[in-house]
Amino acid sequence: MTHTAPVTDWATDFDVLDPQYVADPFSIWDDLRRTCPVAHTNRRKSSWLPTRYEDVTAIAHDIEHFSSLKIAVIPGDEDEDPNADFDGPDLQYGLPPISSDPPLHTWTRRLLLPWFSHKRVDGYVPLTRDLCTKLLDGFADSGHADAAADYAQQIPVRVIAHILGVSPDLSDTFTGWVRDVLEFADDAERRQRGAEGLLNYFVGQLEERRANPGDDLLSELLTTKVDGAPVDDGIVLGMAALALIAGVDTTWSAIGSSLWHLATHPEDRKRLVAEPELMPTAIEELLRAYSPVTMAREVTEDVIYAGCPMKAGDKVLMNFPAANRDPEAFEHPEVVQLDRAHNRHVAFGSGIHRCAGSNLARMELQVALEEWLARIPDFSLAEGAEVTWAGGQVRGPRICPVVF
Amino acid sequence: MKLRVDPDKCQGHARCYGLAPEIFDVDDYGLASVIVDEVPPELEEKARLAVANCPEYAIEIISG
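Respectively, the protein sequence lines represent chains Y and U.
Start counting the first sequence at 725; every next residue gets the next number (our numbering).
Start counting the second sequence at 10; every next residue gets the next number (our numbering).
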């Protein structure tokens, strides 16, 4: 674990793992947008932090100068010498398509997208609804629950396990690995343990699927041909790992943040109960206001962007959450307006790396909130509750005690 | 009113389909298309909402 001093100057020395940033990044972004819209730090490595909608989306579209080969917000193994102790397979291509540029990005993304199309996602609704119902059965009569750990955390991991064709019984193990890789990336030992666990598990699963193919995503990746040739094993492994990693922390955080919002804003909670037809618009607004995901890009060649001298190898943190709070792009961005009609939010990114699982995430968020509100329409934060938040690459509540 | 989705700009956010499935469809790869020649007057407000919510500015009103 890297222990760093508290931040005193956010413009020149920011740290996305600073407790102040994790607890309340919003006021930091607001200050930066006014004073230094692209901040910089040399902590961990030279990195830039844009906070304006216009800059974040422009950088997302400039794939020539800003590569996706290195997308970790907390620089880890990808930025160091290969760790000699790493006891897992070599991921030569990372986790395509998210950690790739065209042309690899283009064809690997086309393999994944149909699995997350509207039509396919509609088919996952009954499973998701059933899962939410069972989780609610477990605590609805008790008068209290941890909305994050007992509910939000339990949903996306099981849906993605179904799509991948892996056992939902291992959900807690999957969640542990994904948290090690994303939330505790600053702890080299933990990060490595998570990556080893996850990759070695999928190596075994791919072997099994090769012998006994099913109708799941893993089996299709193993049997599909691209330009007449099977897909390289390392690429299949990277894509499988990506589907799990990207399908767990992210949506769980969005569900958790939304429930936290409703627990702390009774007017919004009552309105959503009274006007269920508002749900699709409300979902977009909650995604805007509490966008969980920040990705990174790597600067490919020295470039001056918005007056900032970016050097080849620098990182740029794609601050989609801050873009979605930019007053130049949204009226009163600090206010959650469940009926916000104009909402070009970029919670799922912008440009060619738009989240491939966005239809799935939206569906899970909507079903999770619908089922919760149908069963528990009246709830609030437990008195004295200490809500804890994860930050860095993915922001969302990890402990969120509520009473009803 | 006539609409067009620019296939070079569309990245598959599917906001248009979510807001106005009577006007837009989205294929297996996320690419949106307009499925009506002319937007009926009663759907024009929905069409304008779709235009105003596309994160890629990919929907154009070409007439009306």
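A virtual CB, placed ideally from N, CA and C, is assigned to each residue, including glycine.
Backbone CA spacing between residue i and residue j [nearest angstrom]
i, j, result
"cysteine 856 (chain Y)", "threonine 1024 (chain Y)", "44 Å"
"alanine 970 (chain Y)", "aspartate 1026 (chain Y)", "30 Å"
"phenylalanine 1054 (chain Y)", "glutamine 816 (chain Y)", "41 Å"
"histidine 1069 (chain Y)", "isoleucine 68 (chain U)", "16 Å"
"aspartate 1102 (chain Y)", "proline 990 (chain Y)", "8 Å"
"glutamate 65 (chain U)", "alanine 1047 (chain Y)", "14 Å"
"alanine 29 (chain U)", "glutamate 788 (chain Y)", "34 Å"
"arginine 13 (chain U)", "proline 50 (chain U)", "17 Å"
"glycine 900 (chain Y)", "leucine 1084 (chain Y)", "22 Å"
"tryptophan 753 (chain Y)", "glycine 1120 (chain Y)", "17 Å"
"alanine 808 (chain Y)", "glutamine 916 (chain Y)", "In this prediction, alanine 808 (chain Y) scores a pLDDT of 48, lower than 50, which makes its location untrustworthy; the coordinate-derived value is nonetheless stated afterwards. Answer to the nearest angstrom: the Cα atoms are 11 Å apart."
"tyrosine 875 (chain Y)", "leucine 983 (chain Y)", "10 Å"
"isoleucine 1123 (chain Y)", "alanine 1109 (chain Y)", "9 Å"
"valine 1017 (chain Y)", "serine 72 (chain U)", "38 Å"
"tyrosine 1029 (chain Y)", "asparagine 1043 (chain Y)", "15 Å"
"leucine 773 (chain Y)", "serine 1015 (chain Y)", "16 Å"
"valine 1060 (chain Y)", "alanine 1013 (chain Y)", "7 Å"
"proline 1051 (chain Y)", "proline 1057 (chain Y)", "6 Å"
"valine 955 (chain Y)", "glycine 938 (chain Y)", "17 Å"
"serine 895 (chain Y)", "leucine 40 (chain U)", "32 Å"
"tryptophan 839 (chain Y)", "threonine 781 (chain Y)", "26 Å"
"proline 806 (chain Y)", "proline 1004 (chain Y)", "Note that proline 806 (chain Y) scores a pLDDT of 46, beneath 50, so its modelled location is shaky and nothing firm can be said."
"threonine 897 (chain Y)", "glutamate 907 (chain Y)", "15 Å"
"alanine 747 (chain Y)", "alanine 1114 (chain Y)", "9 Å"
"aspartate 814 (chain Y)", "phenylalanine 926 (chain Y)", "13 Å"
"tyrosine 38 (chain U)", "glycine 1116 (chain Y)", "30 Å"
"lysine 843 (chain Y)", "cysteine 1032 (chain Y)", "44 Å"
"glycine 980 (chain Y)", "glycine 952 (chain Y)", "44 Å"
"valine 1091 (chain Y)", "valine 905 (chain Y)", "27 Å"
"glycine 867 (chain Y)", "alanine 909 (chain Y)", "35 Å"
Nearest residue (CA-CA) to residue i, options the options
i, options, result
"glutamate 931 (chain Y)", "Y:Asp957, Y:Lys949, Y:Asp904 and Y:Ala953", "Y:Asp957"
"aspartate 742 (chain Y)", "Y:Gly889, Y:Arg757, Y:Phe926 and Y:Thr765", "Y:Thr765"
"leucine 1093 (chain Y)", "Y:Gly1120, Y:Arg903, Y:Leu1010 and Y:Gly889", "Y:Leu1010"
"valine 797 (chain Y)", "Y:Cys1124, Y:Phe1128 and Y:Val1118", "Y:Val1118"
"aspartate 846 (chain Y)", "Y:Trp984, Y:Val1126, Y:Glu1088 and Y:Asp754", "Y:Glu1088"
"glycine 918 (chain Y)", "Y:Gly1073, Y:Gly812 and Y:Phe1072", "Y:Gly812"
"glutamate 1008 (chain Y)", "Y:Ala978, Y:Ile1028 and Y:Gln877", "Y:Ala978"
"aspartate 825 (chain Y)", "Y:Ile1076, Y:Leu888 and Y:Ser943", "Y:Ile1076"
"glutamine 877 (chain Y)", "Y:Ser751, Y:Val902, Y:Val890 and Y:His868", "Y:Val902"
"valine 960 (chain Y)", "Y:Asn1067, Y:Ala784, Y:Leu836 and Y:Ala1006", "Y:Leu836"
"aspartate 737 (chain Y)", "Y:Val746, Y:Ala763, Y:Ser751 and Y:Gln744", "Y:Ala763"
"alanine 864 (chain Y)", "Y:Glu1095, Y:Pro1033 and Y:Arg767", "Y:Glu1095"
"cysteine 1079 (chain Y)", "Y:Ser841, Y:Arg995, Y:Gly952 and Y:Ala1036", "Y:Ser841"
Beta-bridge pairing of residue i - partner residues as DSSP gives them
i, result
"glutamate 1022 (chain Y)", "Y:Ser791 and Y:Lys1039"
"tryptophan 753 (chain Y)", "DSSP, once it has assigned bridges, lists no residue as partnering tryptophan 753 (chain Y)."
"serine 42 (chain U)", "U:Asp34"
"leucine 12 (chain U)", "U:Ile70"
"glycine 1120 (chain Y)", "Y:Ala1114"
"tryptophan 772 (chain Y)", "Y:His764 and Y:Val1040"
"valine 1127 (chain Y)", "Y:His868 and Y:Ser1104"
Residue i, enclosing beta strand (DSSP E) - first and last residue
i, result
"threonine 765 (chain Y)", "762–765"
"valine 1017 (chain Y)", "Premise fails: valine 1017 (chain Y) is in no beta strand (DSSP E) and is neither H nor E."
"cysteine 63 (chain U)", "Premise fails: cysteine 63 (chain U) is in no beta strand (DSSP E) and is neither H nor E."
"methionine 1034 (chain Y)", "1032–1034"
"serine 72 (chain U)", "68–72"
"threonine 1112 (chain Y)", "1112–1114"
"valine 797 (chain Y)", "That residue, valine 797 (chain Y), is in no beta strand (DSSP E); it is neither H nor E in DSSP."
Proximity test, residue i beta-carbon vs the ligand NAP heavy atom, cut-off 7 Å
i, result
"alanine 919 (chain Y)", "Questions concerning the ligand NAP fall outside what the structure shown contains, since it holds no ligand whatsoever."
N-terminal and C-terminal residue of the alpha helix (DSSP H) that residue i is part of
i, result
"aspartate 992 (chain Y)", "990–998"
"alanine 747 (chain Y)", "743–747"
"threonine 781 (chain Y)", "777–785"
"glycine 27 (chain U)", "24–28"
Which full runs of the alpha helix (DSSP H) of 4+ residues lie inside the segment 929–979 of chain Y, going along the chain?
941–947, all fully within the segment 929–979 of chain Y.
Segments of 3+ residues assigned as beta strand (DSSP E) that fall wholly inside the segment 1028–1105 of chain Y:
Fully enclosed beta strand (DSSP E) runs of 3 or longer: 1032–1034 and 1039–1042.
Counting only runs that start and end within the segment 858–930 of chain Y, where is the beta strand (DSSP E) found for 3 or more residues in a row?
The beta strand (DSSP E) runs of length 3 or more contained entirely in the segment 858–930 of chain Y are, from start to end of the chain, 868–870.
Unbroken alpha helix (DSSP H) runs of length 4 or more, entirely within the segment 807–850 of chain Y: which are they?
Every alpha helix (DSSP H) stretch that sits fully inside the segment 807–850 of chain Y and reaches 4 residues is listed by chain position as 828–836 and 842–847.
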